[in-house]
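Before any comments, here is the structure.
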Amino acid sequence: MNSVTGRQLFFWGAAFVLFAGVILLLGEVLLPFVLGLILAYFLNPLVTGLEKRGVSRQVATGLIAAIFTLLGTLFVLIIGPLLFHQLSELASQMPTYFRQLQGIIINGSESLFGKIFPGSELGAEEAMQNMAKESAKHLTGVLKSVWTSGMAVFSFLSLVLITPVVTFFLLKDWDHFIGKIDKWLPRDHAPIIRLLVKRINRSIAGFIRGQVTISIFVGIFYSIALTMLGLKYGLLIGLTAGVLNIVPFLGSLVGFLISGTMAVVQYWPEWQPILYVLGIFAFGQLVDTNFLTPKIIGDKIKLHPVWLIFALIVSGYLFGVLGMLIAIPLAAAIGVLVRFGLERYLDSELYIGSRSPKKGGQKPGDKGDLV
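Residue 154 is where the sequence shown starts when you use our numbering, and the numbers rise one by one after that.
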């Protein structure tokens, strides 16, 4: 490694550390700006498409930004109060629901094991009571803190004013910003950086735009289906499942467990409504797996669900809500860099040794890549 390369690595390493420190210190302040950047990235193809049809960039940006700002405002004003009501009620009623669930489980355990293991129901009841108290206390606190934090972070001002303004200006000057960044690249490494950025962009665009579209579809379906079925907090559960569906299978799994538990508490001992609730998520996952994902995303994106879950947990732990917003783009970028590093390794003497490479060997990107 020559001295120039060493200085470049030191410079970019220091820049990365500084960037991470700024995010840690100013996470909540940066949130509307990062959200605006994500929205601009998401909406840029629409603006570019209008621009290719003869519409000026500024007019196209204004039109797209106005439409999505209107939709976002309507969502906050119409759906927001309903979500607030359901979340508040769920938080206050959580201890009651745990007691009901406790009674159902204890009665079931008595009928199944009471005759075989006399006295076992006493231990089960005590264990359930302790678990119910602790779980209700923690979950109630979590729900209240999530809502309080969410209102503090995603304030009305940030959602309705700051984020749309940031999105508009980023969309309007997107090509200008990209050109400026390209000029700042170190000249010796600019071609390889452009190659990596193109791969990262392809991975992020293919996954995020596709998975967000799928999440919107399934979130709307779950919310409408559960609400029409009469399940309590159906809107909240459905939208939560839709948001979590950004990680494949996670939204359906969490929604399945929460709605199934809520259905048992609400409908027991009637089995039919419980089966309907579970059937909604089974049908949604079936449509997602066999139709939506193959049609919208296909098999080109190499982001394993385990890698996505890990990235969300680590980023959320380190950077909070902001970290969860950047987790998937960061995971996609790291995945591309790891695959690129693997390509270089498989083409180097560290892997090949003194022998010439064998034809037909495994190449980076073959099935089995984790990221």
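We put the CB at the ideal spot given by N, CA and C, even for glycine.
Annotation: L179 to I191 spans about 18 Å, alpha carbon to alpha carbon. Judged by beta-carbon spacing, L403 lies within the 8 Å limit of L397, meaning their Cβ atoms are closer than that value. The stretch 459-466 and the stretch 159-171 do not touch, with fewer than three beta-carbon pairs separated by less than 8 Å. Just so you know, the alpha carbons of L314 and F370 end up roughly 26 Å apart. Between V418 and A485, the alpha-carbon positions lie close to 40 Å from each other. Assignment of I334 by DSSP, reduced to helix, strand and coil, places it in the helix class. In the structure shown, the three-state DSSP call for R160 is helix.
Rounded to whole angstroms, the separation of the alpha carbons of L254 and K385 is 15 Å. Pairing G359 with L478, the inter-Cα distance amounts to about 17 Å.
For R352, the enclosing alpha helix (DSSP H) covers residues 343-357. CA-CA distance, T446 to D500, rounds to 34 Å. Each residue's CA atom was taken as its position, placing G432 and R352 some 39 Å apart. Its chain contains L183, F472, L475 as the residues whose beta carbon lies nearer than 7 Å to that of I176, once the 5 sequence neighbours on both sides are disregarded; these appear in chain order. Along the length of the stretch 433-481, whole alpha helix (DSSP H) runs at least 4 residues long occupy 446-449, reported in chain order. Between the alpha carbons of V365 and I259 lies a gap of roughly 41 Å. For a cut-off of 8 Å, the C-beta gap from L203 to A213 is around 4 Å, short enough to register as a contact. Nearest Cα to P317 within the set F251, L188, A343, I411: L188.
CA-CA distance, L196 to R252, rounds to 47 Å.
The three-state reading of DSSP puts W424 in coil, since its state is none of H, G, I, E or B. According to the DSSP assignment, K385 belongs to no alpha helix (DSSP H), since it is labelled neither H nor E. Between I367 and D441, the C-beta gap is smaller than 8 Å, which places the two residues in contact. For V318, the enclosing alpha helix (DSSP H) begins and ends at 316-325. With a cutoff of 8 Å on beta-carbon distance, L349 and L490 are scored as near each other.
Proximity to A193 across I331, P234, A416, P458 peaks at I331, based on C-alpha coordinates.
Short of 8 Å from the beta carbon of G391, and not among the five residues preceding or following it, lie these beta carbons of its own chain, in chain order: G372, I373, F374, Y375, S376, I377, A378, L379, T380, G408.
Taking 8 Å as the upper bound for CB-CB distance, L382 and V430 are in contact here, some 6 Å apart.
Residue range 210-227 is occupied by the alpha helix (DSSP H) that includes F221. Scanning its chain for C-beta atoms nearer than 6 Å, with the 5 sequence neighbours on each side dropped, one finds around I357 the residues P482, A485, in chain order.
Counting the other Cβ atoms within 10 Å of the Cβ of T393 gives 16 or more, which makes it buried.
Ranked by Cα distance from D326, the first of P426, S209, V400 is S209. By the Cβ-count criterion, R340 is exposed, with fewer than 16 other Cβ atoms from all chains shown falling within 10 Å of its own Cβ. Straight-line spacing of the CA atoms in E242 and G233 works out to 14 Å. Inclusion of I217 and V229 in the CB contact set at 8 Å is not warranted, their separation being larger than that value.
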